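Undergrad:
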Amino acid sequence: MSTVDVIVPFYRDLAALRGCVASVLASRSRTAFELIIVNDASPEPDVTAYWRELRGNATIIDVPARQGYAAALNRGLALHRERDAVILHCDAFVAGDWLERLARHGMDRDVGIVGTFTDKAGFATYPLPKRDNPLPPGETVASLDALFAQANSAESAPVPAINGPCLYLRRDCLSAVGAFDGTPLGSDYGVELDFCLRAGGARFRHLLAGDVFVGHSGHAPYGAREADDFSERTEAALAKLYPDYTAKIAAHDPARPFARRVDRCAWRGCRSI
1 MSTVDVIVPF
11 YRDLAALRGC
21 VASVLASRSR
31 TAFELIIVND
41 ASPEPDVTAY
51 WRELRGNATI
61 IDVPARQGYA
71 AALNRGLALH
81 RERDAVILHC
91 DAFVAGDWLE
101 RLARHGMDRD
111 VGIVGTFTDK
121 AGFATYPLPK
131 RDNPLPPGET
141 VASLDALFAQ
151 ANSAESAPVP
161 AINGPCLYLR
171 RDCLSAVGAF
181 DGTPLGSDYG
191 VELDFCLRAG
201 GARFRHLLAG
211 DVFVGHSGHA
221 PYGAREADDF
231 SERTEAALAK
241 LYPDYTAKIA
251 AHDPARPFAR
261 RVDRCAWRGC
271 RSI
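Numbered per this note's numbering, the sequence shown spans residues 1 to 273.
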């Protein structure tokens, strides 16, 4: 399998970024990857020292003046125009052979984007849907990911659009659809959803991977109140740009069967780690 770029756009919250990078470098996936951090002119004073620590383990793209999330994504995605890529939020945490499982779901040529389960701020949240969840008592990101991998092995479901802290993008889709662009939405919040809907118009289909769980500390580039405000404006803009968007999203809830299997697996005590 070809090398996959794992792209982490970063502006602030260096502590979260350290945890994210550590989880990526510690993962057990056999899929070759290059970790690419796009530094969108972070104001944090310890960033330069951290880049020195990462030498040899990550490619750093330093942006001289802040351009925003969408521009950071586009810079990272333009580095290797022949590779599939993963967009990973700087406050996300992965485990096990996460990338191998994600890449497997993205093998078909008509797949555009593959998303994952997460605990908060994503299309499919666990244990409760559409909530910011704490991790269940006694669980870690690694233990939950192992449960998802066992309960829903190689299973996925089609979705009209997907967002979250970890998205796998096939290069064919990126080449056909073009760059991420927050202009029609009024901000960069929700650019992944806009991209999904444009890709759907180009006949690419999107998937929720039932066997991958990614931890997420929250809205690192935004405060909680800012995120709520951006979310409301984005939903209104998407509904205006894509009149059938709201109905499509409301009609699809493929996450619950996957979550129920995980519940049953946890209750039975079946673990693969």
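Positions of the beta carbon are idealized from the N, C-alpha and C atoms, including for glycine. What you are looking at is a predicted structure, and each value in this text was computed from that prediction instead of being measured.
For residue 197, collect the residues of the same chain with a Cβ closer than 8 Å to its Cβ; drop the 5 residues on either side in sequence, then sort them by chain order.
TA: Numbered from its first residue, the sequence shown carries residue 197 at position 197. Excluding sequence neighbours, residue 197 sits near 160, 161, 238, 241, 242, 245.
Undergrad: May I have the straight-line CA-CA distance separating residue 260 from residue 30, to the nearest angstrom?
TA: To locate residue 260, count along the sequence shown from 1; it is residue 260. To locate residue 30, count along the sequence shown from 1; it is residue 30. Cα to Cα, residue 260 sits roughly 29 Å from residue 30.
Undergrad: Do you know offhand how far residue 51's Cα is from residue 265's?
TA: Within the sequence shown, residue 51 is the residue found at index 51, counting from 1. Within the sequence shown, residue 265 is the residue found at index 265, counting from 1. Taking the straight line from one Cα to the other gives about 41 Å.
Undergrad: Let me check understanding here. Comparing Cα to Cα, which of 179, 11, 88 lies closest to residue 66?
TA: Here residue 66 corresponds to residue number 66 of the sequence shown, with the count starting at 1. Nearest C-alpha to residue 66: 11.
Undergrad: Would you list the one or two residues that DSSP bridges to residue 87?
TA: In the sequence shown, the residue the question calls residue 87 occupies position 87. Beta-bridge pairing links residue 87 to 7, 167.
Undergrad: Starting from the C-beta of residue 222, find all residues in its chain whose C-beta is less than 6 Å away, skip the five residues before and the five after it, and write them out in chain order.
TA: Taking the first residue of the sequence shown as 1, we reach residue 222 at position 222. Here the model assigns residue 222 a pLDDT of 45, short of 50, so the residue's position is not dependable and the matter cannot be decided.
Undergrad: In or out: residue 269 buried (at least 16 other Cβ within 10 Å) or exposed?
TA: Taking the first residue of the sequence shown as 1, we reach residue 269 at position 269. That one is exposed.
Undergrad: Report yes if the C-beta distance between residue 96 and residue 18 is below 9 Å; otherwise report no.
TA: As a working mapping, residue 96 is identified with position 96 in the sequence shown. As a working mapping, residue 18 is identified with position 18 in the sequence shown. Not a contact, by the Cβ cut-off of 9 Å.
Undergrad: Do three or more CB pairs link the region 164-173 to the region 112-131 at distances below 8 Å?
TA: yes
Undergrad: In chain order, what residues of the same chain lie with their CB nearer than 8 Å to the CB of residue 287, ignoring the 5 residues before and after it?
TA: One cannot answer for residue 287 here, as it falls past the ends of the chain, which runs 1 to 273.
Undergrad: Under three-state DSSP, which class holds residue 213?
TA: Here the question's residue 213 lines up with position 213 in the sequence shown. Strand, per DSSP.
Undergrad: Excluding the five sequence neighbours on either side, which residues of its own chain have a C-beta within less than 6 Å of the C-beta of residue 141, listed in chain order?
TA: Taking the sequence shown and counting its residues from 1, the one referred to as residue 141 is at position 141. Counting only Cβ-Cβ distances below 6 Å, and skipping sequence neighbours, we find 93, 95, 215.
Undergrad: By the DSSP assignment, the beta strand (DSSP E) with residue 249 in it spans what residues?
TA: Against the sequence shown, residue 249 aligns to sequence position 249. Segment 245-251 is the alpha helix (DSSP H) holding residue 249; no beta strand (DSSP E) there.
Undergrad: Hey, is the region 65-79 in contact with the region 125-141, meaning 3+ C-beta pairs nearer than 8 Å?
TA: no
Undergrad: Quick one: residues in its chain with C-beta nearer than 6 Å to the C-beta of residue 37, no 5 flanking neighbours on either side, listed in chain order?
TA: Here residue 37 is taken as the residue at index 37 of the sequence shown, counted from 1. 8, 10, 58, 60.
Undergrad: Relative to the ligand MG, is the shortest distance from any of its heavy atoms to the C-beta of residue 257 smaller than 8 Å?
TA: Although the ligand MG was asked about, the structure shown includes no ligands whatsoever.
Undergrad: Write down the C-beta distance between residue 218 and residue 163 rounded to the nearest angstrom, noting that I regard them as a contact closer than 8 Å.
TA: The residue labelled residue 218 in the question sits at position 218 within the sequence shown. The residue labelled residue 163 in the question sits at position 163 within the sequence shown. With a Cβ gap of about 14 Å, residue 218 and residue 163 do not count as contacting.
Undergrad: For residue 203 and residue 110, I'd like the C-alpha separation in whole angstroms.
TA: Indexing the sequence shown from 1 puts residue 203 at position 203. Indexing the sequence shown from 1 puts residue 110 at position 110. So the alpha carbons of these two residues sit roughly 7 Å apart.
Undergrad: What does the alpha-carbon distance come out to for the pair residue 247 and residue 33?
TA: Locating residue 247 in the sequence shown gives position 247, where the first residue counts as 1. Locating residue 33 in the sequence shown gives position 33, where the first residue counts as 1. If you take the alpha carbons of residue 247 and residue 33, they lie about 37 Å apart.
Undergrad: Just the Cα atoms here: how many angstroms apart are residue 253 and residue 127?
TA: For the purposes of this step, residue 253 is taken as the residue at position 253 of the sequence shown. For the purposes of this step, residue 127 is taken as the residue at position 127 of the sequence shown. Answer to the nearest angstrom: the Cα atoms are 14 Å apart.
Undergrad: Throw me the rounded Cβ distance for the residue 101 and residue 209 pair, which I believe falls under 8 Å.
TA: Residue 101 sits at position 101 when you count from the first residue of the sequence shown. Residue 209 sits at position 209 when you count from the first residue of the sequence shown. Yes, they are in contact, since the Cβ atoms of residue 101 and residue 209 sit about 7 Å apart, within 8 Å.
Undergrad: Using the three-state DSSP reduction, which class does residue 16 fall into: helix, strand or coil?
TA: Counting from one through the sequence shown, the residue named residue 16 turns up at place 16. Residue 16: helix per DSSP, three-state reduction.
Undergrad: What residue from 22, 26, 55, 15 has the CA that sits closest to residue 42's CA?
TA: Here residue 42 refers to the residue found at position 42 when the sequence shown is read from its first residue. It is 15.
Undergrad: By alpha-carbon positions, which one of 255, 45, 2 ends up nearest to residue 130?
TA: Residue mapping note: residue 130 aligns to position 130 of the sequence shown, counting from 1. Looking at the Cα atoms, 255 is the closest of the given residues.
Undergrad: Need the endpoints of the beta strand (DSSP E) that residue 263 sits in, please.
TA: Translated into positions along the sequence shown, residue 263 becomes position 263. Here residue 263 belongs to no beta strand (DSSP E); instead the alpha helix (DSSP H) covers 255-268.
Undergrad: Look at residue 148 and residue 46 and say whether their C-beta atoms are less than 9 Å apart.
TA: Here residue 148 refers to the residue found at position 148 when the sequence shown is read from its first residue. Here residue 46 refers to the residue found at position 46 when the sequence shown is read from its first residue. Taking 9 Å as the Cβ cut-off, residue 148 and residue 46 do not qualify as a contacting pair.
Undergrad: Use the C-beta contact count for residue 224: other C-beta atoms within 10 angstroms, 16 or more gives buried, fewer gives exposed.
TA: Counting from 1 along the sequence shown, the entry for residue 224 is found at position 224. Residue placement at residue 224 is poorly supported in this model, since its pLDDT is 45, which falls under 50; the coordinates still yield a value, given next. Answer is exposed; the Cβ neighbour count stays below 16.
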